[in-house]
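S.K.: In terms of the numbering used here, the sequence shown opens at residue 7 and continues consecutively.
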Amino acid sequence: ALERDDDYDLLDPRTGRPRGKLRARDVFDLIVRMAWKNGEPGIVFLDRLNASNPTPQLGIIESTNPCGEQPLLPYESCNLGSLNVARMVKDGKIDYDRLRTAVHTAVHFLDNVIDANRYPLPQIEKMTKGNRKIGLGIMGFADLLIKLGIPYDTEKAIATGEEVMAFIRKEAERASIQLAKERGVFPNFKGSIYDRPRGPRLRNATLTTIAPTGTISMIARTSSGIEPLFAVAFQKHVLDKETLTEVNPLFEEIARARGFYSPQLMDKISISGSVQGLEEVPKDIRRLFVTAHDIAPEWHIRMQAAFQKHTDNAVSKTVNFPESATVEDVEKVYRLAYQLGCKGVTIYRDKSRQAQVITKGAEKGAGVADRIAPRKRPQELQGKTIEMTTGCGKLYVTINADERGPFEIFASLGKAGGCAAAQTEATARLASQALRAGIDPDIIVKQLKGIRCHMPYGWGDQEILSCADAIGKALEYYLHAPQLPLPYSYGQQRGSSGVETEKSGRVGTDAGVHKQSRMDRSDLQGEKKETNREKGNFKGACPECGSSALHFEEGCFVCRSCGYSDCS
7 ALERDDDYDL LDPRTGRPRG KLRARDVFDL IVRMAWKNGE PGIVFLDRLN ASNPTPQLGI
67 IESTNPCGEQ PLLPYESCNL GSLNVARMVK DGKIDYDRLR TAVHTAVHFL DNVIDANRYP
127 LPQIEKMTKG NRKIGLGIMG FADLLIKLGI PYDTEKAIAT GEEVMAFIRK EAERASIQLA
187 KERGVFPNFK GSIYDRPRGP RLRNATLTTI APTGTISMIA RTSSGIEPLF AVAFQKHVLD
247 KETLTEVNPL FEEIARARGF YSPQLMDKIS ISGSVQGLEE VPKDIRRLFV TAHDIAPEWH
307 IRMQAAFQKH TDNAVSKTVN FPESATVEDV EKVYRLAYQL GCKGVTIYRD KSRQAQVITK
367 GAEKGAGVAD RIAPRKRPQE LQGKTIEMTT GCGKLYVTIN ADERGPFEIF ASLGKAGGCA
427 AAQTEATARL ASQALRAGID PDIIVKQLKG IRCHMPYGWG DQEILSCADA IGKALEYYLH
487 APQLPLPYSY GQQRGSSGVE TEKSGRVGTD AGVHKQSRMD RSDLQGEKKE TNREKGNFKG
547 ACPECGSSAL HFEEGCFVCR SCGYSDCS
């Protein structure tokens with residue numbers, strides 16, 4: 007429909023009957039524009055998934071797991087494993103004997119997991135044991151190429167990837183056939199795509215998957231999945247707020263052997279993660295150690311397609327774009343992924359989710375002043391409630407004032423509980439004490455704005471970086487809205503009228519009397535004097551260790567400093 011510029015039917019998922027029509031081009035353009043803005047949504051080619059559905063007699067595949075590598079029927083489960091192919095090198099060549107042994111052991115192990123596992127629902131147990139799907143894949147592919155002396159973005163690398171995965175798929179099938187002879191074929195074999203004359207009698211309905219390996223690859227100290235290197239060197243935060251420079255072991259080994267290693271050079275590389283353009287690094291080494299952002303998007307897709315040829319399920323991989331990439335660049339990759347036989351594709355444009363904010367620490371005073379006691383709270387106060395949207399949900403910020411200005415802040419994070427709600431309440435309480443002690447409200451705004459977490463909302467100048475950032479921006483709006491032109495956008499959904507409304511009403515003694523106001527999605531553009539200087543190459547703040555080593559790859563945020571993954 008897209009190629010013909012036609013409309014397509016919207017089908018009721020329960021009845022299969024058409025319920026409407028949409029122009030394919032309009033939907034595709036919207037998907038591409040949104041992916042360019044913040045990396046989402048990715049694309050899954052459902053027809054292609056179902057064309058390789060091994061058990062069509064049981065139903066159709068409607069979705070994948072969150073990372074996109076495992077198409078599943080309702081109530082099926084993931085059972086994945088990854089071989090570290092970086093360890094399958096001997097005398098400068100791939101050790102296929104060792105790889106064969108590892109594949110057979112892994113298939114046997116994953117099949118055992120199905121029976122050893124305890125399932126939360128009987129339906130999941132029935133489907134999992136009925137199809138016995140496994141997904142054996144790899145990690146350490148970029149390191150394998152480095153050991154073989156092959157740059158990632160070359161024809162030889164593409165051929166090597168296809169060769170390795172073809173071998174793994176062939177040996178996995180042999181192992182599954184042998185298990186079927188010993189234990190029987192999977193129970194739903196009859197009616198499956200293998201149930202044909204001379205078809206392979208398998209123990210497992212699927213055998214291979216390329217999954218994200220962000221956490222386990224860090225444990226194994228190797229590159230993740232089939233991705234290129236994330237960085238040649240990067241900063242890692244450890245105990246007592248110390249920072250260490252983490253260097254790719256293969257790069258460090260070569261640098262020491264060839265005499266160009268120095269701690270100063272490693273620190274220099276860690277600034278950007280790339281060795282491109284560094285004259286201190288020999289040209290052949292620069293060519294070999296390319297990172298995700300050094301590689302053109304087309305090579306990412308071609309590598310994914312090479313592995314997909316010999317993968318039963320799907321391939322999880324991220325196509326990395328520079329910040330300067332255009333919407334047309336994203337469209338080209340989406341179309342190329344389809345043309346080359348991929349089952350889906352995920353892209354990420356650098357800086358498309360968060361911006362680096364440059365702030366200065368508060369200056370220390372010359373001496374210690376007398377302690378300031380917060381002024382006493384009156385029985386009633388007048389105020390305003392502002393609704394914000396954050397990555398954790400709706401945040402309602404109530405700001406009450408007395409004759410001297412803002413007096414206190416209450417913040418309620420929708421239905422959220424746990425740490426997010428507790429930390430939001432703590433931020434509001436401390437801000438209230440500062441206001442009651444006479445601290446300039448604009449100073450509080452400056453301290454709260456720009457604090458970031460791993461779940462921002464929105465993008466660009468209208469991005470909400472965290473709940474603390476939302477409270478700071480709500481206070482700024484309260485202080486300066488009369489001087490700022492509407493609309494003001496901090497991530498709220500526009501109502502039917504798009505007009506700010508206020509309702510007066512008395513509340514309890516503790517909350518005081520306040521006016522409630524909803525800040526519209528487009529309420530207040532405001533002067534963003536610091537916007538340009540605040541933006542930088544920021545990949546995210548890790549919720550575990552707070553470092554800026556949070557990196558988006560294979561559909562997940564992964565911290566290279568502490569090992570956090572939002573997919574784990």
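We put the beta carbon where it would ideally sit given N, CA and C, even for glycine.
1. Taking the straight line between their C-alpha atoms, what separation do you get for E482 and D11?
2. Within its chain, find whatever has a CB closer than 8 Å to the CB of G155; leave out the 5 residues flanking it on each side and keep chain order.
3. Please report the distance separating the alpha-carbon of T70 from that of F51.
4. Measure the C-alpha to C-alpha separation of G205 and K96 and round it to an integer number of angstroms.
5. Buried or exposed: where does P384 fall if 16 or more other Cβ atoms within 10 Å of its Cβ makes it buried?
6. Could you have a look at T249 and say whether DSSP puts it in helix, strand or coil?
7. For S198, which three-state DSSP category applies?
8. Whose C-alpha, out of E560, L419, P462 and E469, is nearest the C-alpha of P549?
9. Determine the DSSP secondary structure at M394, reduced to helix, strand or coil.
10. Between A30, T107, R23 and P24, which lies nearest to D13 when the distance is taken from Cα to Cα?
11. Within the continuous beta strand (DSSP E) that includes M145, where are the two ends?
12. Take E9 and list the residues in its own chain whose beta-carbon comes closer than 8 Å to its own, dropping the five residues that flank it on each side.
13. Taking the alpha carbon of R355 as the reference point, which residue from D35, G22, P47 and T21 has its own alpha carbon closest?
14. Report the rounded CA-to-CA distance for K289 versus D273, giving the unit in angstroms.
15. Which value, in whole angstroms, describes the spacing of the CA atoms of M94 and P328?
16. My output table needs one value for H110: the three-state DSSP class, helix, strand or coil.
17. For Q282 and A298, I'd like the C-alpha separation in whole angstroms.
18. Output yes or no for whether 9 Å exceeds the beta carbon distance between D15 and P24.
19. Less than 9 Å between the C-beta atoms of E560 and T352, yes or no?
20. Tell me the residue span of the beta strand (DSSP E) that contains P24.
21. Going by beta-carbon coordinates alone, are G231 and I140 separated by less than 9 Å?
22. Quick one: is R262 buried, meaning 16 or more other Cβ sit within 10 Å of its Cβ, or exposed?
23. So within the region 92-136, which uninterrupted alpha helix (DSSP H) runs reach at least 4 residues, ignoring any that extend past its ends?
24. Might you give, ordered along the chain, the residues of its own chain that have their beta carbon closer than 8 Å to the beta carbon of R180, omitting 5 neighbours on each side?
25. If we ignore side chains and look at the alpha-carbon of each, how far apart do F563 and Y158 end up?
26. Going straight from the alpha carbon of M309 to that of T160, what length do you get?
27. Express the C-alpha separation of Y102 and A57 in angstroms, rounding to a whole number.
28. What span of residues does the beta strand (DSSP E) with I353 cover, start to end?
29. What span of residues does the beta strand (DSSP E) with N210 cover, start to end?
30. Starting from K479, follow the alpha helix (DSSP H) in both directions and report where the run begins and ends.
31. Is it buried or exposed, V119, if we count other Cβ atoms within 10 angstroms and call 16 or more buried?
32. My output table needs one value for S567: the three-state DSSP class, helix, strand or coil.
33. On the three-pair Cβ rule with 8 Å, is the region 209-225 touching the region 316-327?
34. Grouping DSSP H, G and I as helix and E and B as strand, with all else coil, what is Y494?
35. Rounding to the nearest angstrom, what Cα-Cα distance links F192 and A41 in this structure?
36. Where does the unbroken beta strand (DSSP E) through E414 begin, and where does it stop?
M.R.: The relevant details are as follows:
1. For the purposes of this step, residue 482 is taken as residue 476 along the sequence shown, with counting starting at 1. For the purposes of this step, residue 11 is taken as residue 5 along the sequence shown, with counting starting at 1. Going by the C-alpha atoms only, they are around 47 Å apart.
2. Here residue 155 corresponds to residue number 149 of the sequence shown, with the count starting at 1. For G155, where only same-chain residues beyond five positions count, the Cβ hits under 8 Å are G98 and L294.
3. Locating residue 70 in the sequence shown gives position 64, where the first residue counts as 1. Locating residue 51 in the sequence shown gives position 45, where the first residue counts as 1. Roughly 10 Å between the two C-alpha positions.
4. Translated into positions along the sequence shown, residue 205 becomes position 199. Translated into positions along the sequence shown, residue 96 becomes position 90. Cα-Cα distance, rounded: 35 Å.
5. As a working mapping, residue 384 is identified with position 378 in the sequence shown. Exposed.
6. Along the sequence shown, one-based indexing puts residue 249 at 243. Strand, per DSSP.
7. Along the sequence shown, read from residue 1 onward, the residue named residue 198 stands at position 192. Looking at S198 - three-state DSSP - the assignment turns out to be coil, as it is neither helix nor strand.
8. Position 543 of the sequence shown, counted from the first residue, corresponds to residue 549. The residue with the shortest Cα to Cα distance from P549 is P462.
9. Within the sequence shown, numbered from 1, the residue matching residue 394 stands at position 388. Note: M394 maps to strand in three-state DSSP.
10. By one-based count along the sequence shown, residue 13 stands at place 7. Nearest C-alpha to D13: A30.
11. As a position in the sequence shown, residue 145 is number 139, starting the count at 1. Where M145 is concerned, the enclosing beta strand (DSSP E) stretches over G141 to M145.
12. Here residue 9 is taken as the residue at index 3 of the sequence shown, counted from 1. Same-chain partners within the cutoff: there are none.
13. The residue labelled residue 355 in the question sits at position 349 within the sequence shown. Looking at the Cα atoms, P47 is the closest of the given residues.
14. Numbered from 1 along the sequence shown, position 283 holds the residue referred to as residue 289. Numbered from 1 along the sequence shown, position 267 holds the residue referred to as residue 273. Going by the C-alpha atoms only, they are around 19 Å apart.
15. By one-based count along the sequence shown, residue 94 stands at place 88. By one-based count along the sequence shown, residue 328 stands at place 322. Distance between the alpha carbons of M94 and P328 is about 33 Å.
16. Walking along the sequence shown from the start, residue 110 turns up at place 104. Note: H110 maps to helix in three-state DSSP.
17. Residue numbering aside, residue 282 sits at position 276 when the sequence shown is read from its first letter. Residue numbering aside, residue 298 sits at position 292 when the sequence shown is read from its first letter. Cα-Cα distance, rounded: 12 Å.
18. Residue 15 sits at position 9 when you count from the first residue of the sequence shown. Residue 24 sits at position 18 when you count from the first residue of the sequence shown. Yes.
19. Taking the first residue of the sequence shown as position 1, residue 560 is located at position 554. Taking the first residue of the sequence shown as position 1, residue 352 is located at position 346. Yes, these two residues count as a Cβ contact at 9 Å.
20. Taking the sequence shown and counting its residues from 1, one reaches residue 24 at position 18. Per DSSP, P24 belongs to the beta strand (DSSP E) from P24 to R29.
21. Along the sequence shown, one-based indexing puts residue 231 at 225. Along the sequence shown, one-based indexing puts residue 140 at 134. No, the Cβ-Cβ distance between G231 and I140 is not below 9 Å.
22. As a first step, residue 262 is located in the sequence shown; it is residue number 256 there, counting from the start. Exposed, because fewer than 16 other Cβ atoms sit within 10 Å of the Cβ of R262.
23. 102-122
24. Position 174 of the sequence shown, counting from 1, holds the residue named residue 180. Result list for R180: H110, in chain order.
25. By one-based count along the sequence shown, residue 563 stands at place 557. By one-based count along the sequence shown, residue 158 stands at place 152. Taking the straight line from one Cα to the other gives about 23 Å.
26. Reading the sequence shown from its first residue, position 303 is the one you call residue 309. Reading the sequence shown from its first residue, position 154 is the one you call residue 160. For M309 and T160, the distance between alpha carbons rounds to 10 Å.
27. Locating residue 57 in the sequence shown gives position 51, where the first residue counts as 1. Locating residue 102 in the sequence shown gives position 96, where the first residue counts as 1. Rounded to whole angstroms, A57 to Y102 spans 31 Å at the Cα level.
28. What you label residue 353 is simply residue 347 of the sequence shown in a count that begins at 1. From DSSP, the beta strand (DSSP E) with I353 extends over G350 to R355.
29. As a working mapping, residue 210 is identified with position 204 in the sequence shown. Unbroken run through N210: none, as it is neither H nor E.
30. Indexing the sequence shown from 1 puts residue 479 at position 473. Taken as a continuous stretch (DSSP letters only), the alpha helix (DSSP H) holding K479 covers C473 to H486.
31. Position 113 of the sequence shown, counted from the start, is the residue given in the question as residue 119. Classification for V119: exposed.
32. The sequence position of residue 567 within the sequence shown is 561, counting from 1. Correct three-state label for S567: coil.
33. yes
34. Counting from 1 along the sequence shown, the entry for residue 494 is found at position 488. Per-residue confidence for Y494 stands at a pLDDT of 37, beneath the threshold of 50, marking its modelled position as unreliable; the derived number appears in the next sentence. Strand at Y494.
35. For this step, residue 192 is matched to residue 186 along the sequence shown. For this step, residue 41 is matched to residue 35 along the sequence shown. About 39 Å.
36. Sequence index remark: in the sequence shown, residue 414 carries index 408 (1-based). Start and end: G411 to S418.
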